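Take a look at the structure below.
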Amino acid sequence: MRLDQVKTIGMLGGGVMGGGIAQILSIAGYNVVVRDLNDELVENTRGEVFEGKWGMKNAVVRGKLAADACEAAMARVSFTTDLKDLANVDFLIEAIPEKLELKQSVFKELDEIVKPDAIFASNTSGFVIQEIARDVSDARKQRFVGMHFSNPVPVMKICEVITTPQSTPETVEAAVGIAEKAGRVVAMVKDTPGSYGFIFNRIFAAARREADKLVEEGIATKEDIDKAMIHGRNWPVGFYQQRGGIGKQW
Ligand SMILES: NC(=O)c1ccc[n+]([C@@H]2O[C@H](COP(=O)([O-])OP(=O)(O)OC[C@H]3O[C@@H](n4cnc5c(N)ncnc54)[C@H](O)[C@@H]3O)[C@@H](O)[C@H]2O)c1
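Plus 1 on top of the position in the sequence shown (first one is 1) and you've got the working numbering.
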């Protein structure tokens, strides 16, 4: 599946990440089919995407999205509880809970249902993509990548694209192109068995461990660590206290 052939994207899971990803993709012009487990969950997602704090209508109020673009984007998103409604999507992004066995079994099921040339992507926070793709066909393994967005998706610009040795250049191009079309900045990551986590989470966790060590050793207070990072390194927020920086970007 080439980038220019991708018209409809399936979003598996309409939680915190799935709703945000569905939103940016529909604003980018893609038809999006969001699948969650029951009607209540689907209605929650619809509420978040359309009316939520980071949702489309608020984006209009904040002057980030034109009213007619909002209406058009809303019309491009549909919601379902039926996995079979994903059968004809061109590209599928999974954002279900971070449980390896769950992701493996759902992808196995989807491999049977979704058309053979569609590309699969996982928004895992850190699992090895080759392990998530373990039970899909060899042909699908070539059309499998990671796409790691950051929360809240409408605000945070990064998308790490994780490529495996099997991912074809066309697959990688499609993932990168979709992310860029949706206004993301792409950072490439090599899928590596034996590791967990990609770039920004691993570096953030390392810095957080060091900050906690400074507190434990009595060298600095949490408040002073936040002050040092916000004013010494221009971080929008510190580890220990939210300073409202994120909201100002959107
Ligand atoms: N929350 C974050 O900050 C964040 C950031 C980056 C990546 N991630 C990753 O994104 C993924 C989703 O995280 P989240 O925070 O959105 O979780 P979440 O719990 O908010 O949402 C997960 C959704 O998936 C649904 N679900 C479960 N099984 C399903 C199935 N078989 N089909 C369709 N829907 C199903 C659940 O009902 C739920 O609505 C995880 O892998 C997580 O590690 C999370």
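Glycine residues also receive a C-beta, built at the ideal position from the N, C-alpha and C atoms. Computed from a predicted structure; not experimentally measured.
State the start and end residues of the unbroken alpha helix (DSSP H) segment that holds residue i.
i, result
"R203", "200 to 217"
"F51", "40 to 52"
"K100", "K100 -> no alpha helix (DSSP H), and no H or E assigned at all."
"S27", "17 to 28"
"A119", "Taken as a continuous stretch (DSSP letters only), A119 belongs to no alpha helix (DSSP H), as it is neither H nor E."
"N32", "It is not in any alpha helix (DSSP H) - N32 instead sits in the beta strand (DSSP E) that spans 32 to 36."
With a threshold of 6 Å, establish whether the CB of residue i neighbours any heavy atom of ligand 1.
i, result
"D37", "yes"
"P153", "no"
"E44", "no"
"A96", "yes"
"T125", "yes"
"M18", "yes"
"L111", "no"
"E218", "no"
"E99", "yes"
"L13", "yes"
"V90", "no"
"V238", "no"
"V107", "yes"
Please classify residue i as buried or exposed, where buried requires at least 16 neighbouring CB atoms within 10 angstroms.
i, result
"F205", "exposed"
"R144", "buried"
"D192", "buried"
"S138", "exposed"
"P155", "buried"
"D69", "exposed"
"G246", "Note that G246 has pLDDT 39, beneath the 50 cutoff, so the model's placement of it is unreliable and the number below is only indicative. With fewer than 16 other Cβ atoms within 10 Å, it is exposed."
"N124", "buried"
"Q250", "Residue placement at Q250 is poorly supported in this model, since its pLDDT is 36, which falls under 50; the coordinates still yield a value, given next. Exposed: under 16 other Cβ atoms inside 10 Å."
"Y31", "buried"
"K142", "buried"
"H149", "buried"
Return the Cβ separation of residue i and residue j in integer angstroms, given the expectation that the two are a contact with Cβ distance under 8 Å.
i, j, result
"F201", "I159", "6 Å"
"I130", "G147", "5 Å"
"M12", "V34", "7 Å"
"M167", "R135", "The identity of residue 167 in the sequence shown is Gln, whereas the question assumes Met. With a Cβ gap of about 12 Å, Q167 and R135 do not count as contacting."
"K116", "N89", "6 Å"
"V7", "I179", "6 Å"
"A175", "L4", "4 Å"
"L111", "E132", "With 8 Å as the limit, L111 and E132 do not qualify as a contact, their Cβ atoms being about 16 Å apart."
In terms of residue numbering, what span does the beta strand (DSSP E) encompassing residue i cover?
i, result
"I231", "Unbroken run through I231 is the alpha helix (DSSP H), 223 to 233; no beta strand (DSSP E)."
"N257", "Beyond the ends of the chain as shown, which are 2 and 251, falls residue 257; an answer cannot be given."
"V156", "Careful: V156 lies outside any beta strand (DSSP E) and carries neither H nor E."
"V78", "78 to 81"
"I10", "9 to 13"
"M57", "Where M57 is concerned, there is no enclosing beta strand (DSSP E), although the alpha helix (DSSP H) it sits in stretches over 57 to 62."
With a threshold of 6 Å (Cβ to nearest heavy atom), would residue i be considered close to ligand 2?
i, result
"R210", "The model depicted lacks ligand 2 and carries ligand 1 instead."
Unbroken alpha helix (DSSP H) runs of length 4 or more, entirely within the stretch 161 to 195: which are they? You should have 170 to 182.
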